[in-house]
Amino acid sequence: MKSVVWTYFFLTCLALVISIEAGISRDRDRVSVVYADGRQGVLRHSFRDGGVTYVRIDDLATLMGLRTSYVPDKRKIVVRLGSRALVLTALNPFVMVDDVPWQMPLPTLVVDTFIYVPLQLFIEIFGDLFPSQIQFEEESGRMIIRRPDVNITGVEVETKDNGSVVRIITTQNFQEKEIAAFHKDRWLNITLYGGKLDSSQIVTTVPKGMVRQIAPFQFEKSAQISILMGHDITNTQVFVNPGEVLVSVRSGKIIDRTAVNQRENDRSRWLIDRIILDPGHGGRDPGAVGPTGLLEKTVTLDIAKRLKKSLETRADVEVLLTRETDVAVPLKKRTQFANANNGKLFISIHCNGNKNRSVHGYSTYVLGTAKTQEALELAEKENSVIDFEESTEYYKEYEDAFHILNAIAQSSYLKESMDLARIVNESFKGLKSISQSGRGVYQAGFYVLIGAAMPRILVETAYISNPYEERLLKTRAFRQKIAESLCDSIIRFKEKYEQGIVN
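This note's numbering numbers the first residue of the sequence shown as 354 and each following residue consecutively.
Encoded structure:
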């Protein structure tokens, strides 16, 4: 009898430990799955705890046509979306997305060694990364999966004697000007503006022949397909046919290397191949401060780093930052840095601030004389950072409006700067979380723009002084959206001004 009691006691304790680790209740429930075409299914491994539905992450990934792999000794699971990876850890709210940590409000849970995620929160934070649109109704326990409105449905690669031919299957007829192809090392990167990927089809494409890896990337206004080839790439050529885009990828030795080098040198003067990003403020200068203490200098540096990564992934450019850490950089040295490094574009990134916390929105600026009171006040605010510098003598002549006009007259880049600012404005309209502040592109006498021998703009991403927009700026997801929007703008500008010299 005693042994029976002890056995019962042991099993009860074991069950208690398991339930504590899992953090679940006995209220188990399956999630029903409804597809847009009427098909139905079920996620068998799911449960509710405290009103929150949890599902097994590998089940969800399989539903999306994605691959997963466990790392048992570290209690992690990796979900692969092309070359991107989500890494989830047991009993941990942090999810690594391409080595960048994202935080969920609730941690993952564990049941029988399997990792579960809070479904609704997971979809809200990471839903944009998945190939299909997912909606979950917590009360009914029903998940609706809609295939996105895609126009790129597959990729095929055919090996030839002198290279390969990449065939991108489309449901929309693209124009050649909407396609950009560049290569770096053995990576071929093809960007389709207005492209919408059926990522589930592409990520499951098995590499064969001379293809080593295929990675799709869906951005807000474009799609990119990156292909790692098994041979060197010397040049590419794009052809557009109804229902397909063909990219001829040539390999082999270049016969007249001297002539090619000379051509490259001639092109390098005009190619937009080096971009200077200027994260506003830094060091002793915090910039604007949000209602809860968020610092402008912190946000601008993070956005600049994200933009650098996006540009170097999606475009054949080198990106330099005027500051990589939380240090103070005098305004004059920022443009001197851009000129010394032969920059082709200069973009100064900021967050706006106003005593009136209801003021909101984004705006873009070029160097000029302020034509509105708002532009004048903003320029005065941004220029006041010179008070943090050891000496302000250098800027005395900047205070004269004539000096600003003279600086503009000596620059041949006003038209290009205005054009870049307009493109950024148009791209930012896709950020539905915030609205445009004011009308079009402003002009103002920003000291940080004076002296840069290249197209240059200043971007006020949002009002950090506005409680709602400060909350947005605190999130990695919103900062990434700003970075991607700026990246789209720069690539559009680059392609527009490189027409006729790239080929």
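Cβ coordinates follow ideal geometry from the N, Cα and C atoms, glycine included.
Residue i: CB within 7 Å of a non-hydrogen atom of the ligand HEM
i: V518; result: By its list of ligands, the structure shown contains no ligand whatsoever, and the ligand HEM lies outside what it can speak to.
Residue j beta carbon less than 8 Å from that of residue i
i: E822; j: A830; result: no
i: L720; j: F781; result: no
i: R627; j: N692; result: no
i: I478; j: M457; result: yes
i: C840; j: L684; result: no
i: A657; j: V591; result: no
i: A443; j: I468; result: yes
i: V431; j: S422; result: yes
i: Q473; j: E492; result: no
i: L647; j: L826; result: yes
i: S601; j: V518; result: yes
i: G494; j: T406; result: yes
i: L702; j: V812; result: This sequence places Ile at residue 702; Leu is not what is there. Yes. Within cutoff.
i: T466; j: H536; result: no
i: V593; j: F527; result: yes
Residue i in three-state terms, based on DSSP
i: K574; result: coil
i: V448; result: strand
i: Q528; result: coil
i: I803; result: coil
i: R397; result: coil
i: I595; result: In the sequence as displayed, the identity of residue 595 is Pro instead of Ile. Correct three-state label for P595: coil.
i: E752; result: Unreliable placement is indicated for E752, whose pLDDT of 47 sits below 50; the coordinate value is still reported in the next sentence. E752: helix per DSSP, three-state reduction.
i: T421; result: strand
i: S838; result: helix
i: Y315; result: Any property of residue 315 remains undetermined from this structure, which presents the chain solely from 354 to 856.
i: L472; result: helix
i: D481; result: helix
i: R687; result: helix
i: I567; result: strand
i: A774; result: helix
i: T645; result: coil
i: I843; result: helix
i: R809; result: strand
i: N692; result: helix
Rounded distance between the beta-carbons of residue j and residue i, thought under 8 Å
i: I505; j: T523; result: 6 Å
i: I787; j: H713; result: 7 Å
i: T544; j: Q571; result: Actually they are not in contact, since the Cβ atoms of T544 and Q571 sit about 11 Å apart, beyond 8 Å.
i: S818; j: G636; result: 21 Å between Cβ atoms; not a contact.
i: V448; j: L439; result: 6 Å
i: L550; j: V598; result: Actually they are not in contact, since the Cβ atoms of L550 and V598 sit about 13 Å apart, beyond 8 Å.
Cβ shell of residue i (< 6 Å), same chain only, five flanking positions each side left out
i: R687; result: D631, T675, V801
i: G583; result: M563, R565
i: I608; result: Below a pLDDT of 50, predicted positions are generally treated as unreliable, and I608, at 40, falls in that range; the measurement from the model is reported next regardless. Excluding residues within five positions, none has a Cβ falling inside 6 Å.
i: I844; result: A668
i: H634; result: G640, E649, K650
i: E573; result: G783, E837
i: L773; result: P808, I810, F846
i: L654; result: P632
i: S842; result: I776, V777, S780
i: E769; result: P808
i: K697; result: I625, R627, M807
i: F483; result: M417
Own chain, CB closer than 7 Å to residue i, minus 5 neighbours either side, in chain order
i: R383; result: V395, L396, R397, S399
Next item on the list: Taking 8 Å as the threshold, find out whether the stretch 767-783 comes into contact with the stretch 664-682 through three or more Cβ pairs.
Entry: No: fewer than three Cβ pairs fall under 8 Å.
Check: For the stretch 570-587 against the stretch 539-547, are there 3 or more C-beta pairs whose distance is under 8 Å?
Finding: yes
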